[in-house]
Amino acid sequence: MSIITVDRVSKHYRLSRLGAKSFREEFARWGERLLARQDSRGKEEFFALREVSFEIGRGETVGFIGPNGSGKSTILKLMARIIYPTRGRITVRGSVASLIEVGAGFHPELTGRENIFLYGSIMGMKQADVRAKFDRIVEFAELERFIDTPVKRYSSGMYVRLGFAVAAHINPHVLLVDEVLAVGDAAFQSKCHHRIEELRRNGMTIVFVSHDMSAVERLCNRVFFLSQGEIRASGDPHDVIGEYYQTVVFSQSGEPGGDGRVAPGGNGRAAEILGVRFLDRDGVEVDSIPTGEPMIARIEYCAHRRIEAPVFELLFYSADDRLHCQYSTVAGSEHIPFLQGRGIVEIECDELGLTPGVFKIDASLASRGAMAAYDWKPRQYLLKVAPGKRVRGLFYAPHRWRLLPAPDAQGRAEDQAPDRDCI
Amino acid sequence: MSVSLINREETKPEVEEVVIQVPEPALENTIEWSDSLIAHTRDLFKHRELLWLITQREIKVRYKQSSLGVLWAILQPFSLMVIFTVFFSWFARMASDGIPYPLFSYAALLPWIFFSTSLSFAVPSLIVNSHIITKIYFPREIVPLASVLAAFLDFVIAALIFVGMLIVYRVAPTWNILYVAPLLAIQVVFTVGVCLLLSAFTVLYRDVRHMLPLAIQIWMFVTPILYPASVVPARWRAWYFALNPMAVIIDGYRRAVIQGAPPELKYLALAAVVSCLLVWAGYKYFKHLEREFADIV
Chain A
37 MSIITVDRVS KHYRLSRLGA KSFREEFARW GERLLARQDS RGKEEFFALR
87 EVSFEIGRGE TVGFIGPNGS GKSTILKLMA RIIYPTRGRI TVRGSVASLI
137 EVGAGFHPEL TGRENIFLYG SIMGMKQADV RAKFDRIVEF AELERFIDTP
187 VKRYSSGMYV RLGFAVAAHI NPHVLLVDEV LAVGDAAFQS KCHHRIEELR
237 RNGMTIVFVS HDMSAVERLC NRVFFLSQGE IRASGDPHDV IGEYYQTVVF
287 SQSGEPGGDG RVAPGGNGRA AEILGVRFLD RDGVEVDSIP TGEPMIARIE
337 YCAHRRIEAP VFELLFYSAD DRLHCQYSTV AGSEHIPFLQ GRGIVEIECD
387 ELGLTPGVFK IDASLASRGA MAAYDWKPRQ YLLKVAPGKR VRGLFYAPHR
437 WRLLPAPDAQ GRAEDQAPDR DCI
Chain B
483 MSVSLINREE TKPEVEEVVI QVPEPALENT IEWSDSLIAH TRDLFKHREL
533 LWLITQREIK VRYKQSSLGV LWAILQPFSL MVIFTVFFSW FARMASDGIP
583 YPLFSYAALL PWIFFSTSLS FAVPSLIVNS HIITKIYFPR EIVPLASVLA
633 AFLDFVIAAL IFVGMLIVYR VAPTWNILYV APLLAIQVVF TVGVCLLLSA
683 FTVLYRDVRH MLPLAIQIWM FVTPILYPAS VVPARWRAWY FALNPMAVII
733 DGYRRAVIQG APPELKYLAL AAVVSCLLVW AGYKYFKHLE REFADIV
């Protein structure tokens, strides 16, 4: 039996009705309506959700993903009963606690202790229950020393810790979490994740909204992909996240600075990079390669004069402009003695280690030990890494597993079965 | 023989097992948007602890950093009484039905300040608490109700002074003092009705908030606080009492406690009916608008 039933739910906002009005505006509108002889309502409608239906069973952990403004938070708020659906019906069997914003119920003038009781109660806990769990909450928040200090004197980190600590100790049937885990320092974040994991394993139904795909894939057993207020895809996290990357992340990434097919010569450089292309295992030119699949990158160059000891480099930057990986002919053992004229160098990579996302690529051609490069194309090329191998973490590290026999039999076994390695 | 990539369930780091009991969902405990006032009242009753905590918060926050603290609850009616006595009784020679003017005015100021404080805190309360309303669900009426409850506690504290004054002025209570209970009950119902109605309305129209101080002031002058109800010309008195339940109630307190007489029962009954209708309509309207609070506030 499902614990949450959402049946053809729509939510729309009349933009003109958003926000409170004054009588004067209202009179002005009436006046306009009388003069125009028509109803002005309805022309500025905004659909946050359109005819969304789904069910969530007990003990499921469900994630909602989608671009900003796709309706994820609206769904969460509807299930939390904070807002009301324009059409349709939502049924939640059991108690609900929502973590839409950590510490939303805190009052700055009250002490940590008083706020624990107040916030706990707002979240639906009985006072006796809060009292019983009080010490555990304080310990989780690591705020023993400051518990009788007004929270207005707390740092933002302390504030958030206290908020999550209370929320993590309510025992609702359904916990709704909206992107709040991205708070606090790394240690506290991992503590929060552990706690969620714990709750999940103990059979709590958890629904959460996040942009953190690795968290969604790790925690959820089912994922909904929303776009423009509609469910685009739902089901297995890996597949849905893949679809999300395909339709949203990749299409929004824009074009690289140019395809790089510049006519050689002309600008007085000694050597130029003409283009970078990516090929899959079959040697077909592609713009996206899944994680863990073979990648071939071809750099096309033109050396207008003889260049000694050239160094090629490719740098992969993620969407937030962090350098994720570097391929360089210096790092490898290969040495190219010189270049002359047009040609192509190829990088072959058995298993692509990048995790899904869009990477912007720098290509450079320099001379070994030289200060300035002959040519440097910053963020000129693009590679979309699609979800392939199921990977958790920042990158996929190619590796092999091997089953070894017990230590006493090891020597013999290795002789007899040398080909036990397998992925 | 191969070692397959271990699936996600098994790779979980072994965290110290803490047993958390997720209670079996009671299937009748269904969250739905309901239209029945009985269901709303039941929901409110379930959240009674929260009502009490938010009331405590209101009081604590109000007095926390003031050095006089809870004395303010007494100071407000008391200082007004002193000023009224000096200006209206000594200087302006205001009639007071033969009652010592300090007693006469305090008996009215006490319930009036309960009413006006309730209003001035409850009416903007939903806007003041918008940060919670847009983030967490709970029955929204708790917010204005807590303001009324907090004002009531102030009222109880200030009433202690009144008891002292009764002793000082040697006012002997009669059985008619028992009328205080129904009077208070009607006043609370009336106050809650007005607060529910206006607090919800304020979410839609912020003007209400600005109009409120003026409205409270005017209301105070059309209620027998500075003057006895007997100064109102007899031909208008029926309308005076019929249109303003607060006038009946305040006049009633004076009669029951100081004069040892019953209130104007005919008008009191009317006030009771009006108050009940108001609270019913107010609650209905509030719950109807509640669905939009988080969208608008």
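Going down the list, the protein sequences come from chains A and B. Residue numbers for the first sequence follow our numbering, beginning at 37 and rising by one. Residue numbers for the second sequence follow our numbering, beginning at 483 and rising by one. Where is the CB? At the ideal position from N, CA and C, for every residue including glycine.
CA-CA distance, residue i and residue j?
i	j	result
M576 of chain B	F570 of chain B	5 Å
R258 of chain A	L198 of chain A	30 Å
L351 of chain A	T616 of chain B	44 Å
Y735 of chain B	V756 of chain B	18 Å
S89 of chain A	I101 of chain A	16 Å
C677 of chain B	T283 of chain A	51 Å
D43 of chain A	L627 of chain B	34 Å
W572 of chain B	G580 of chain B	14 Å
R530 of chain B	S518 of chain B	19 Å
R94 of chain A	R237 of chain A	12 Å
W721 of chain B	P744 of chain B	20 Å
S131 of chain A	E96 of chain A	15 Å
F348 of chain A	I397 of chain A	13 Å
A399 of chain A	L430 of chain A	23 Å
S109 of chain A	R181 of chain A	35 Å
L310 of chain A	V252 of chain A	40 Å
T41 of chain A	K113 of chain A	14 Å
So which of the options has the shortest CA-CA distance to residue i?
i	options	result
G764 of chain B	B:S548, B:L550, B:T684 and B:R736	B:T684
G742 of chain B	B:L686, B:R652 and B:A521	B:R652
I668 of chain B	B:R773, B:R524 and B:A754	B:A754
G675 of chain B	B:R737, B:I556, B:L759 and B:A720	B:L759
I380 of chain A	A:A339, A:Q282 and A:P121	A:A339
Y155 of chain A	A:R181, A:E175, A:I126 and A:V187	A:V187
R317 of chain A	A:E384, A:D165 and A:P103	A:E384
Q264 of chain A	A:M37, A:F82, A:I40 and A:C228	A:F82
G99 of chain A	A:E266, A:C361, A:R436 and A:R254	A:R254
Please say whether residue j and residue i have beta carbons closer to each other than 8 Å?
i	j	result
A422 of chain A	P330 of chain A	no
L85 of chain A	I118 of chain A	no
A203 of chain A	A177 of chain A	no
D17 of chain A	L388 of chain A	As displayed, chain A neither begins before 37 nor continues past 459, which places residue 17 of chain A out of reach and without an answer.
F603 of chain B	A640 of chain B	no
Y120 of chain A	R622 of chain B	no
L212 of chain A	V243 of chain A	yes
L390 of chain A	Y337 of chain A	no
L533 of chain B	V605 of chain B	no
E746 of chain B	F775 of chain B	no
G148 of chain A	I126 of chain A	no
Y353 of chain A	F395 of chain A	yes
I206 of chain A	M159 of chain A	yes
Using the Cβ count rule (16 or more neighbours within 10 Å means buried), how would you classify residue i?
i	result
K169 of chain A	buried
P208 of chain A	buried
V128 of chain A	buried
N151 of chain A	buried
T523 of chain B	exposed
R539 of chain B	buried
R172 of chain A	exposed
P273 of chain A	buried
K546 of chain B	exposed
H770 of chain B	exposed
P715 of chain B	exposed
L642 of chain B	exposed
G107 of chain A	buried
P727 of chain B	buried
L509 of chain B	Residue placement at L509 of chain B is flagged as unreliable, the pLDDT there being 45, under the threshold of 50; the coordinate-derived value follows with that caveat. L509 of chain B is exposed by the Cβ-count criterion.
List the endpoints of the continuous beta strand (DSSP E) containing residue i.
i	result
V88 of chain A	E81 to G93
S157 of chain A	First-last for S157 of chain A: G148 to I158, but that is the alpha helix (DSSP H), not the beta strand (DSSP E).
K396 of chain A	G393 to S403
H435 of chain A	Element bounds for H435 of chain A: n/a, residue is neither H nor E.
W412 of chain A	D411 to A422
I13 of chain A	Residue 13 of chain A falls outside the range modelled here, since chain A spans only 37 to 459, and no answer is possible.
E344 of chain A	M331 to E344
T684 of chain B	T684 of chain B -> not in any beta strand (DSSP E); alpha helix (DSSP H) instead, spanning V662 to L686.
V210 of chain A	V210 to D214
Which residue marks the beginning of the alpha helix (DSSP H) containing residue i, and which one marks its end?
i	result
A203 of chain A	S192 to A203
Y545 of chain B	R530 to Y545
Y735 of chain B	P727 to Y735
Q264 of chain A	Segment: none, Q264 of chain A is in no alpha helix (DSSP H) and carries neither H nor E.
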